[in-house]
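Trainee: In my numbering, the protein residues as written are 6 to 476. We put the beta carbon where it would ideally sit given N, CA and C, even for glycine. On a predicted model such as this, the values are computed, not experimentally measured, just so you know.
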């Protein structure tokens, strides 16, 4: 039997065992050597079979421990639908809804499923405080002086050193410090477009990107997006000649949570390079992975300098510090000039604190704990939604980050549901926020980066009841 068929035969055999629940969540598969003897095949064939099972989200690899049946293999709810391409349909900007949701940002008695920031209990607040005191003691100016327009050199060096995923392709000279990731995205779009230009985005899309596009007088072109593989490259190809830029979140997308496969990233960069269309890559969730390692950004495959790679510590360490960065490729000088006009420099004190945190390995340690907590929360929220929400609920399958996208019964309007939920001290992000068109009205985004308590669990049950009562 040909080898390529053999590995699929092994993968299909294991798939059947998982479907029949002979193998269940958490069960360990035979080691590569054991499976080689069991199936009497080459080691490479077993590796291919296990990789195939991983790509089907049925198993997950844990470094040093082997392969295990994944939680997602047991999922009982379907994946969200892929929206169709819309270009000429009338728009309905979601600004009113965004303002309403952000109005609850200071609420302390609300279970906060709405906002895309981690709960305070998940952040190393005490260590950050100590780090700041140490930095102030060391600095002769106590952080009152300007730093270079391009940004704190030590911070840029530490980010470059820490970006192992880039395999040495990024140095401190390539980076510009920004006031958080959204400031980086906004500056990148400003550098490569003129008012009236078209910019491709995912659909559903993070509402902050939609607002940046609108403020710059640009047109957003929403591309159909699959909840597992991301942007439909064939649909993107159709509109590519009309585009001035693309703006995508390919690693643990907000709100869908997908991780675009490496082959798709390579093809995306190849297509855009061929048409000389810049890509603004918001990679702010890239370090919050649930698998064996950090996925490569599109920037890794960029040889022409057209990918503008944006990152920050806002989702992992200190949302209020507003420390972000961008590796803008061939647009670096333009970004620096824009920053000089806008802010002159970044706050030097926060840059020094983050640089110190990176330099002494504290960030790596924090991220390891952070990822474990978030993965445990993801398993918990997936289980709770399956248990409390209607059976026809569709749910995303994030491979990292902390966003869950739900598609509810078509009779549900999450904008109306939002008012009822807030009156019960529960918050979420209604789906209409994530499109410029009147769509995703029966969808919602839930943030699970919070301390998992009995109240959180009971509030999800409460939300599920509200939805069932409306059907």
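Once the 5 residues before and after residue 99 are set aside, which same chain residues still bring their CB inside 8 Å of it?
Mentor: Once the five neighbours on either side are set aside, the close Cβ partners of residue 99 are 212, 215, 437, 438, 439, 440, 441.
Trainee: When DSSP labels each residue in this structure, what does residue 231 get in the three-state scheme?
Mentor: In the structure shown, residue 231 sits in a strand (DSSP, three-state: E or B).
Trainee: Please name the residue, chosen from 60, 68, 77, that lies closest to residue 401 on a Cα-to-Cα basis.
Mentor: Checking every option, the nearest Cα to that of residue 401 belongs to 77.
Trainee: State whether the region 268-278 contacts the region 231-239, with contact taken as three or more CB pairs (one from each stretch) at a distance under 8 Å.
Mentor: A contact exists between the region 268-278 and the region 231-239.
Trainee: Could you give the first and the last residue of the continuous beta strand (DSSP E) run that contains residue 313?
Mentor: That run of the beta strand (DSSP E) goes 312-317.
Trainee: Tell me whether the region 413-421 and the region 441-452 touch, counting them as touching only if at least three CB pairs, one residue from each stretch, are closer than 8 Å.
Mentor: They touch, by the three-pair rule.
Trainee: Please report the residue range of the beta strand (DSSP E) in which residue 292 lies.
Mentor: That residue, residue 292, is in no beta strand (DSSP E); it is neither H nor E in DSSP.
Trainee: The alpha helix (DSSP H) that contains residue 424, what's its start and end?
Mentor: First-last of the alpha helix (DSSP H) with residue 424: 419-428.
Trainee: Hey, residue 205 and residue 251: beta-carbon distance below 9 Å or not?
Mentor: Yes, they are a contact pair.
Trainee: Less than 9 Å between the beta carbons of residue 74 and residue 141, yes or no?
Mentor: No; because the gap between Cβ atoms is not below 9 Å, this pair is not in contact.
Trainee: With the cut-off set at 9 Å, would you say residue 181 and residue 54 are in Cβ contact?
Mentor: No, the pair does not count as a contact, with Cβ atoms beyond the cut-off.
Trainee: Tell me the DSSP bridge mates of residue 116?
Mentor: Per DSSP, 431.
Trainee: With DSSP as the reference, identify every bridge partner of residue 54, one or two as the case may be.
Mentor: Residue 54 is not bridged to any residue.
Trainee: Helix, strand or coil: how does DSSP classify residue 204 here?
Mentor: Note: residue 204 maps to strand in three-state DSSP.
Trainee: Just to check my reading of the structure: residue 341 and residue 320 have Cβ atoms closer than 8 Å, yes? What is that Cβ distance to the nearest angstrom?
Mentor: Not really, about 25 Å apart at Cβ, beyond 8 Å.
Trainee: Within 10 angstroms of the Cβ of residue 200, are there 16 or more other Cβ atoms? Answer buried if so, exposed if not.
Mentor: So residue 200 ends up on the exposed side.
Trainee: Assuming residue 334 contacts residue 359 under a Cβ cut-off of 8 Å, what Cβ separation, rounded to an integer in Å, is found between them?
Mentor: About 23 Å; that fails the 8 Å criterion.
Trainee: Below 8 Å on the Cβ atoms is my guess for residue 15 versus residue 64; work out the distance and round it to an integer in Å.
Mentor: Not really, about 12 Å apart at Cβ, beyond 8 Å.
Trainee: Which same chain residues, not among the five before or five after residue 19, have their C-beta less than 8 Å away from its C-beta?
Mentor: If we look at residue 19 and ignore the five residues flanking it on each side, its Cβ neighbours are 28, 34, 54, 58, 63, 64.
Trainee: Which same chain residues end up closer than 7 Å to residue 307 when comparing Cβ atoms and leaving out the 5 residues on each side of it in sequence?
Mentor: Closer than 7 Å at the Cβ level, and outside the excluded window around residue 307, lie 274, 334.
Trainee: Are there 16 or more other CB atoms within 10 angstroms of the CB of residue 207, so buried, or fewer, so exposed?
Mentor: Buried, by the Cβ-count rule.
Trainee: Would you mind sorting residue 143 into buried or exposed? The rule is 16 or more other CB atoms within 10 Å of its CB.
Mentor: When all chains shown are included, residue 143 counts as exposed.
Trainee: Which whole-angstrom value describes the C-beta separation of residue 257 and residue 406, a residue pair presumed to lie in contact below a C-beta threshold of 8 Å?
Mentor: At roughly 3 Å, the Cβ-Cβ gap stays under 8 Å, so residue 257 and residue 406 are in contact.
Trainee: Between the C-alpha atoms of residue 356 and residue 157, what's the straight-line distance to the nearest angstrom?
Mentor: In a straight line, the C-alpha of residue 356 is about 6 Å away from that of residue 157.
Trainee: Mind checking residue 423: buried by the 16 CB within 10 Å criterion, or exposed?
Mentor: Looking at its Cβ environment, which holds 16 or more other Cβ atoms inside 10 Å, residue 423 is buried.
Trainee: Tell me, to the nearest whole angstrom, how far the beta carbon of residue 192 is from that of residue 344; I am working on the premise that it is less than 8 Å.
Mentor: Right, their Cβ atoms sit about 7 Å apart.
Trainee: Suppose contacts are defined by Cβ-Cβ distances below 9 Å. Is residue 361 in contact with residue 136 by that definition?
Mentor: A contact, by the Cβ cut-off of 9 Å.
Trainee: Quick check on residue 411: does DSSP put it in helix, strand or coil?
Mentor: Of the three classes helix, strand and coil, the one that applies to residue 411 here is strand, per DSSP.
Trainee: When the Cα atoms are used, what is the spatial distance from residue 175 to residue 260?
Mentor: Straight-line Cα distance between these residues: approximately 28 Å.
Trainee: DSSP on residue 2, reduced to helix/strand/coil?
Mentor: Because residue 2 is not part of the residues shown, which for the chain are 6 to 476, the question remains open.
Trainee: Start and end of the alpha helix (DSSP H) containing residue 355?
Mentor: 353-364 is the span of the alpha helix (DSSP H), which, as asked, contains residue 355.
Trainee: Name the residue from 154, 375, 56, 388 whose alpha carbon lies nearest to the alpha carbon of residue 122.
Mentor: Taking only the C-alpha atoms, the option nearest residue 122 is 375.
Trainee: Measuring only the C-alpha atoms, how far is residue 366 from residue 138?
Mentor: Roughly 18 Å between the two C-alpha positions.
Trainee: Output the boundary residues of the beta strand (DSSP E) element that contains residue 480.
Mentor: Outside the displayed range of the chain (6 to 476) lies residue 480, so it cannot be described from this structure.
Trainee: Should residue 186 and residue 287 be called a contact, given that it needs their Cβ atoms to be closer than 9 Å?
Mentor: Yes, they are a contact pair.
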